[in-house]
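A.B. asks:
There are 6 protein chains.
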Amino acid sequence: MNILAFGEAMLRFTVADKMMLEQNNHLTVSTVGTGVNLLSSLSHFGYDTALLTVLPNNPIGKMAASDLRKLGISDKKLIFDGRSMGSFFVELGHGPRPERVTYQDRLSSSFCEFNVNGYNFEKALAGVDVVHICGIALSLTKNTREAALALAKQAHENDKVVCFDFNYRVSLNEENSHEVMKKRYQEMLQYTDIVFGSRRDLTDLLDYPKSDDQELFQQFCKDYQISFFAGSKRLFKDDKKYFEGFIYHSGKIYESAPRDLNILDRIGSGDAFASGVLTGLFEKWDFEDTLKFAIANSVLAQASMNDSPIFTEEDVFNYIDSQGNNDLIR
Amino acid sequence: MNILAFGEAMLRFTVADKMMLEQNNHLTVSTVGTGVNLLSSLSHFGYDTALLTVLPNNPIGKMAASDLRKLGISDKKLIFDGRSMGSFFVELGHGPRPERVTYQDRLSSSFCEFNVNGYNFEKALAGVDVVHICGIALSLTKNTREAALALAKQAHENDKVVCFDFNYRVSLNEENSHEVMKKRYQEMLQYTDIVFGSRRDLTDLLDYPKSDDQELFQQFCKDYQISFFAGSKRLFKDDKKYFEGFIYHSGKIYESAPRDLNILDRIGSGDAFASGVLTGLFEKWDFEDTLKFAIANSVLAQASMNDSPIFTEEDVFNYIDSQGNNDLIR
Amino acid sequence: MNILAFGEAMLRFTVADKMMLEQNNHLTVSTVGTGVNLLSSLSHFGYDTALLTVLPNNPIGKMAASDLRKLGISDKKLIFDGRSMGSFFVELGHGPRPERVTYQDRLSSSFCEFNVNGYNFEKALAGVDVVHICGIALSLTKNTREAALALAKQAHENDKVVCFDFNYRVSLNEENSHEVMKKRYQEMLQYTDIVFGSRRDLTDLLDYPKSDDQELFQQFCKDYQISFFAGSKRLFKDDKKYFEGFIYHSGKIYESAPRDLNILDRIGSGDAFASGVLTGLFEKWDFEDTLKFAIANSVLAQASMNDSPIFTEEDVFNYIDSQGNNDLIR
Amino acid sequence: MNILAFGEAMLRFTVADKMMLEQNNHLTVSTVGTGVNLLSSLSHFGYDTALLTVLPNNPIGKMAASDLRKLGISDKKLIFDGRSMGSFFVELGHGPRPERVTYQDRLSSSFCEFNVNGYNFEKALAGVDVVHICGIALSLTKNTREAALALAKQAHENDKVVCFDFNYRVSLNEENSHEVMKKRYQEMLQYTDIVFGSRRDLTDLLDYPKSDDQELFQQFCKDYQISFFAGSKRLFKDDKKYFEGFIYHSGKIYESAPRDLNILDRIGSGDAFASGVLTGLFEKWDFEDTLKFAIANSVLAQASMNDSPIFTEEDVFNYIDSQGNNDLIR
Amino acid sequence: MNILAFGEAMLRFTVADKMMLEQNNHLTVSTVGTGVNLLSSLSHFGYDTALLTVLPNNPIGKMAASDLRKLGISDKKLIFDGRSMGSFFVELGHGPRPERVTYQDRLSSSFCEFNVNGYNFEKALAGVDVVHICGIALSLTKNTREAALALAKQAHENDKVVCFDFNYRVSLNEENSHEVMKKRYQEMLQYTDIVFGSRRDLTDLLDYPKSDDQELFQQFCKDYQISFFAGSKRLFKDDKKYFEGFIYHSGKIYESAPRDLNILDRIGSGDAFASGVLTGLFEKWDFEDTLKFAIANSVLAQASMNDSPIFTEEDVFNYIDSQGNNDLIR
Amino acid sequence: MNILAFGEAMLRFTVADKMMLEQNNHLTVSTVGTGVNLLSSLSHFGYDTALLTVLPNNPIGKMAASDLRKLGISDKKLIFDGRSMGSFFVELGHGPRPERVTYQDRLSSSFCEFNVNGYNFEKALAGVDVVHICGIALSLTKNTREAALALAKQAHENDKVVCFDFNYRVSLNEENSHEVMKKRYQEMLQYTDIVFGSRRDLTDLLDYPKSDDQELFQQFCKDYQISFFAGSKRLFKDDKKYFEGFIYHSGKIYESAPRDLNILDRIGSGDAFASGVLTGLFEKWDFEDTLKFAIANSVLAQASMNDSPIFTEEDVFNYIDSQGNNDLIR
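Chains as they are written, first to last, in full-length UniProt numbering: chain A, 1 to 330; chain B, 1 to 330; chain C, 1 to 330; chain D, 1 to 330; chain E, 1 to 330; chain F, 1 to 330.
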């Protein structure tokens, strides 16, 4: 299985030692993003992966490329152009103190400024079975929106499986009207086979009526001929935190049991879930096992530093088998 | 609002990576103390703050001054003299293993050896609305005791609001008799308007009878014409830890609900509470909101590294609004 | 009391900042092993300790020796020969993510390749009251097996107290038949006075019938004239983890209450328990106090970084007295 | 003496341990820039300093403000608006391997996007004796150019001393024509009293004829009624590196002796020189002493980590007195 | 150009902060070796590279593979088997204090224990233009010797360019007779086209008469039909250190000028030279330029941390063009 | 050979990464002092060593004791009492920027406050061949002066070899008159056999006439029946730094050749020289070899981090044999 992801790679600066920015000027930098996180996890599950993005043509872009390779993601489809990457700072949380993410400007990045005509999608799709597109590209710039849609269309026409993650962020769309964003998503969705999102994406962004999940998901998947619709969410009950997910397929909603969370670094939890779901679909596991696997992958990812999951299937199965009660592997 | 605090600034050496002193020779140093912690927090709530203390006239004192500035505390009222600062080592705890604090000698510090005549209290009080005095000065040396009392007296006479924190530590007074210490505190209290302390301070140090809180606090505040008496404490119930506080004012005790603790670094919890209370009093919030705010500030501070809280009002309100259940701020 | 331990000292490489090996190339190295851990703890309880092992005759061995001295273990009985130490990597866990230990080859270490004839056991035993032998030596190489047995025999004949820890690891004995290993342990046990192990060691390795503990331990101790048989284990109940232990002596099983665990670094929990038990036996405390002490030492050790416990008796008693509820020692 | 500097504050990410970006993801972040560096040094020489710039209105901007305060720079004139800071990465060099600086996009920073009308220059100039303007503002955006010129004009009209640093960077002006840039600089120069730059700035940017320095500087200073023109440069001779500088005043060029360099971190050498020159001018030292002081400050700064010099006058005089041969101060 | 290297990948543990092993237990780990270093450099010069080696089938091997990918080396030809990697410790030097390397046992590594029959050389050679073999394989174990010779033979027969690096280490051959080692090298050399070594390798290992270089190299290359013979060496003159190299080709010796060294970390200097020479040969540069490039690459590598050079052609040419006098690249 | 040293052990806080105190709050702490440094070096040369000092009876003192053991110094003669250790901060230098040492108060340390009657000198001297006393004890407090003199007297009377190091520091004696200090040193010297100091100690402190060295040393040694008088010093010539030393014995001055310095951390250079001289005297090497060895030990120590030399004889001889030109030991 050969997976290509399209989307922005960003620099993440994490303040060391669980401190806040004003407390500590020691950082670690890593290269992250929805596509990066997803491919990192899929690569550790044994698939061939490559990222289609634009990195700066300088030592920063070289570093990012070396990070991607380290995660197991091929650098063969990277484009080097421009001079900047979007970036954000992470201050890790502890108990009642939440993890905090602060973004720098991301619209002047190499990725956001690269013209759609610069891509060679035919070459990028050669040998690829599955294409994953992160919805954030629909919010960023004209360049990224056009590229995402062009790629999705071409992949769809070439009979590639097209996955799409809503990843809708209100904060990124303060200047885009609801109607504009709705239309962009609608255009994208007609090319997609597997979609990650939430009930709220359908009702609030696409204006579906607030019927029950069954009816809602069924109508959505029918409208866009989507085979699989999946999503995860977090619960708070009796001062404890849980994580759970669902897959809708062919008229039926499958739901996972909720699993306890013990968070070290929360970012990327949805990407870890998505890569688990994709693995189950690729391997044709039944939906229950797939959800168990996807939730486990995400619970482990949230108990680990950094966005990009690097667990093997064996790691995830060990967790499932031990009910999360194993505290030492020798 | 312009606040001046008087008290010792100490060097805190924290062993890295949650290790103990014998395990790790990597430390971080920070400049702390009741006055420092309180002003750091008040400065982040938007007030003008300055510390009146004596720092060594060498690179150590310069570093401490730069630390204070970084926390938002003015260095304009600092005195540079002598060559030493008191210091202590912190070994962070984990679960059943308690955090451990070990003091070096603090009586030969620049602050402790500086003569009361060296201060220019009139100049120090210029433009100041509120003066905060840490009670530890009453235990250290003749110099610090005289300076604390002289400053309190002069501030009181100039109609400044005088805050005082008992901060009574048995370990610092092994060589001072109960009567001597009682008398010093009594002298100080006559100049004060807002006092931080505990029931035990009144009964054990000032020899009040062990009546109920209402009666006890009423008598105490009446005796010394104190407007506000406030304090915090920690509870253990069913293997869980909680933090709560009270404010006594004008015949009535207001009490907070207890909030769960998840401790990363406990030191300074009382100072975080005190700065929250002062903020509520400055802003004339009702007592319930004030206590909620003060407890929240302290719970966040205990979930953070280092003594000196650096939360903004927005940070504290976010915590209150989310019931502490938010684990990511984007 | 003068204790000599015999066994392998290994290099432990711990990945920094709770990360996994692929995430972080910053490590800390420490010198550990059953004998090292046990003696470190006993040394901090005030006993004279020395390790009998073979370290490389190069800067690596010198570093290991300096680590041992730092832990309070005498380097007077160390032998320097060869060039390698066994090593393993530790990736710390967090909540659902288990701590993970990965061993490098350990059979070509200086310890494993050193011939039994190279030891001067008579000299090593001079002045020693108690000898501790780690059972792993029976699994490693012919050299280590012969040395362990020769030392045990000679110590026994010279009326030293001989302690032995089963420490049986299936993973180390994939190439040794059950019968071979059983015979080796049987030979060793005839020289021993105090034995650490588990019910499973008796039934699975020594083929005792699976009767109840009382009968089983009684038979085992009778067969080999063992005075004390002790062990610890971990429990999972209602999503919480506990630690508990037992001592069998003279027909009676004494059992500790279970204590909550909050794990920072689990490795060495059994060694911390064993050193606590030995201390109780040396000091002739009653068994209840001994178990309380041993469990407390291990609970603290598991809440600390690294294998080798460095708690003093005062530290352990503080924990016992506070019920583990103390979160700050000043 | 009260100095206000206007210019961009940037985030500097320095790769740890003299490694390159691909080798190490551990960074330290600091807040730097021509104005920051200059004021840091002047503040350590005892002057009151404040920076007029725009920082993001989020935790990144708060961190930058705390860095500035730590350096001794007042945060009273900072404006918080927008969400980004310009940034660059530094890979330190070693011997033949040069230090390498890579910029991210800086045109979308809070500073670059802030409209000139948002400033209150009158308030900013209150109480100020000297204004320093960094020429980079002329190259960045319309906003920064307009603000720089408006401030210079107003300061000039209010009889403040106006200092200006050419800081002309070809790489920042790939899209601006020579004529456009020349005109901008000419406009600025008519408001200035003290100018830092080089011979090349005059001949290449301002199109002065390539006459000898004396004639060139004289004409330049006459044309714009400039009192002091100063600059520094580095020399390579016999495999060794030297640093030297000049001041032109009233028809005469004063030149320093060259001093040996031993570089730890080169960035900011010109700012260290400039703050030394300004100090000499403020203190009315003779030009020889001023140059000796300025060169010494810069040589020390280049032997230190980070851009912002923090040497006191005593530190600089010690270096001068010892001829740089002192290797230990006790 | 597609290059395959065969050889051992080792773990390098570098003590942090220029300290010695007894002084600091903080290490960084990296994956190195002649093949790794060479391919890292060639990959950064733009070639496709892959390493043929055996890594442990566990998290250690996974980490090593991720390190290789990060360096730009393909992991497609890696074999995962066994459980260990050879390792060594590095204590960096400073001036008169030399850098010190201490090896652990390397004969029980996955690479050394992997049987020749486990390799599929045909598949490994598919698509490959050039094969590089490190001579250390001839000294380690029967397994590695057989694999190196079999690969060389097969590559030679398939008309691949075969490069070979003598890399003869006396310390690795204490148990192999001169005659045995000579025979092994003689067997290998008959398959080779490009050879890296020194005069001493020819005279001392292969027993060539000590004639002048011209005669010696000519005879050697004729005997084994070698196209290119190249090597580097270091000089000490007047308390300074220099680095220089040569290439022999077709009857002529080409020699570089010596370049100054300023060493940060010396290991891998020969590999950096070799990758520079190969690049010149691949690109058909003239020999003078090739040597200049190879020496520059090595001088830069010795001024950088770690074994594996990551300089681009642009980096190396910048150094050459600036005569090593550039101390800042913006 | 069994050596006992008497003197203060201090905490040294070294700022990380060659930064200054205002730049970096990351420190490493180590336990140092003349006695500590000397014994560390002698212990690494193979001698039995123990320190007689007073450490705090708390975790700080325990940490210091563990540091001493790590250096190879016995903790058997340590006294635990009081709560403080003297401390100083070190900011490492670079080229023209000198290393800077800033002391905190040291007069209230456990060592300085411990009464002479608390020592059991008889027990401390049991089994000891050589006693080393650091002259700083004569400057600190009445307690330390009395203890130093009492120990020297008793050792002398028991025919131990008594070594003494002048270590006279003007800064420590601002409140002691010349006459008082002279008398103290005179008293001490009558018990000594081997003395470390400088020409200036004799002329300025002891008021010897400024005759030539030969006459001066002869008179001094005769007056106090001193067998060996030795010292080291640093030279600056042509911008380079050198280190050299001398031994006076029985009418003759032996002088070393000067050796180049390349300083990483200068502190402790005299102690490294002294331990080298003592080793030569213990081993009865000729004076030339002894001086070569002592200078080499000190040159290596100055090229290493921290005060306490940990070089073996082999390390020192390697340096001597390679003329300091070896840059890699494998």
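Every residue, glycine too, gets a C-beta built ideally from N, C-alpha and C.
Can you find a CB in chain I that lies within less than 8 Å of the CB of E22(C)?
C.D. replies: Looking at the structure shown, chain I is missing, and the protein chains on hand are A, B, C, D, E and F.
A.B. asks: For G33(E), which residues in the same chain have their Cβ closer than 7 Å to its Cβ, ignoring the five residues on either side in sequence?
C.D. replies: So the qualifying residues of the chain are G7, E8, A9, M10.
A.B. asks: With a cut-off of 8 Å, do at least 3 Cβ pairs link the region 277-289 of chain F to the region 299-309 of chain F?
C.D. replies: Because the criterion of three Cβ pairs below 8 Å is not met, the region 277-289 of chain F and the region 299-309 of chain F do not touch.
A.B. asks: Taking C-beta pairs closer than 7 Å, name the residues in chain A that D307(D) reaches, listed in chain order.
C.D. replies: The premise fails here: D307(D) is roughly 13 Å from chain A at the closest Cβ pair, so nothing lies under 7 Å.
A.B. asks: By DSSP, does E157(E) sit in helix, in strand, or in coil?
C.D. replies: It is helical.
A.B. asks: Along the chain, where does the beta strand (DSSP E) containing F88(E) start, and where does it finish?
C.D. replies: That run of the beta strand (DSSP E) goes 87-91.
A.B. asks: Helix, strand or coil for E255(A) per DSSP?
C.D. replies: Strand at E255(A).
A.B. asks: Give the DSSP-derived three-state secondary structure of G231(B) in the structure shown.
C.D. replies: Of the three classes helix, strand and coil, the one that applies to G231(B) here is strand, per DSSP.
A.B. asks: Looking at F196(C) and the ligand MG, is the gap between the Cβ and the nearest heavy atom below 7 Å?
C.D. replies: The ligand MG is not among the ligands present in this structure, which contains no ligands whatsoever.
A.B. asks: Tell me whether N2(B) sits in a helix, a strand or coil according to DSSP, three-state version.
C.D. replies: If DSSP states are grouped into helix, strand and coil, N2(B) belongs with the strands.
A.B. asks: Would you mind telling me which residues of chain B sit closer than 7 Å to G95(A), beta carbon to beta carbon, in chain order?
C.D. replies: Residues of chain B passing the Cβ test: N262, A303.
A.B. asks: Using the beta-carbon of each residue, which ones in chain A are nearer than 9 Å to G72(E)?
C.D. replies: A65, S66, R69, D75, listed in chain order.
A.B. asks: Mind checking who T102(E) pairs with in its DSSP beta bridge?
C.D. replies: DSSP, once it has assigned bridges, lists F89(E) as partnering T102(E).
A.B. asks: Helix, strand or coil: which one does DSSP assign to I79(F)?
C.D. replies: Three-state result, I79(F): strand.
A.B. asks: Closer than 6 Å by C-beta to F45(B): which residues in its own chain qualify, once you throw out the five before and the five after it? Chain order, please.
C.D. replies: The answer, listed in chain order, is T279, E313.
A.B. asks: Using 8 Å as the threshold, is the region 92-100 of chain C in touch with the region 93-102 of chain F, meaning 3 or more CB pairs across them?
C.D. replies: With the cut-off at 8 Å, the region 92-100 of chain C and the region 93-102 of chain F do not touch.
A.B. asks: So does the region 110-118 of chain B actually touch the region 135-152 of chain B, counting three or more Cβ pairs closer than 8 Å?
C.D. replies: Short answer: they touch.
A.B. asks: In angstroms, rounded to a whole number, what distance separates the CA positions of F217(C) and S298(A)?
C.D. replies: Roughly 45 Å between the two C-alpha positions.
A.B. asks: Whose C-alpha, out of G86(A), K70(A), F111(A), is nearest the C-alpha of Y103(A)?
C.D. replies: The shortest C-alpha separation from Y103(A) is found at G86(A).
A.B. asks: Measuring alpha carbon to alpha carbon, tell me which of F88(B), S43(B), F229(B) ends up nearest L21(B).
C.D. replies: Comparing Cα positions, the closest option is F88(B).
A.B. asks: Check whether the Cβ atoms of K241(F) and L261(F) lie closer than 8 Å to each other.
C.D. replies: Yes, they are a contact pair.
A.B. asks: On the premise that F196(E) lies in contact with L151(E), defined as a C-beta separation below 8 Å, what is that separation, rounded to the nearest angstrom?
C.D. replies: The pair is not a contact, with the Cβ atoms about 17 Å apart (cut-off 8 Å).
A.B. asks: So, is A257(A) buried or exposed, given that buried needs 16 or more other C-beta atoms within 10 angstroms?
C.D. replies: Counting Cβ neighbours within 10 Å, A257(A) comes out exposed, since fewer than 16 surround it.
A.B. asks: Could you name the residues of the same chain whose beta carbon sits closer than 8 Å to that of T141(C), not counting the 5 residues immediately before and after it, in chain order?
C.D. replies: If we look at T141(C) and ignore the five residues flanking it on each side, its Cβ neighbours are L107, C112, E113.
A.B. asks: Figure out for me which residue from F236(D), A230(D), R234(D) has the closest Cα to the Cα of Y248(D).
C.D. replies: Residue A230(D) is the option with its Cα nearest to Y248(D).
A.B. asks: Where are the beta strand (DSSP E) runs, 3 residues long or more, that stay fully inside the region 142-221 of chain E, in chain order?
C.D. replies: Qualifying beta strand (DSSP E) stretches, in chain order: 161-165, 194-196.
A.B. asks: Return helix, strand or coil for A50(B), following the three-state DSSP convention.
C.D. replies: A50(B): strand per DSSP, three-state reduction.
A.B. asks: Answer with buried or exposed for P209(C), where buried requires no fewer than 16 other C-beta atoms within 10 angstroms of its C-beta.
C.D. replies: Burial call: exposed.
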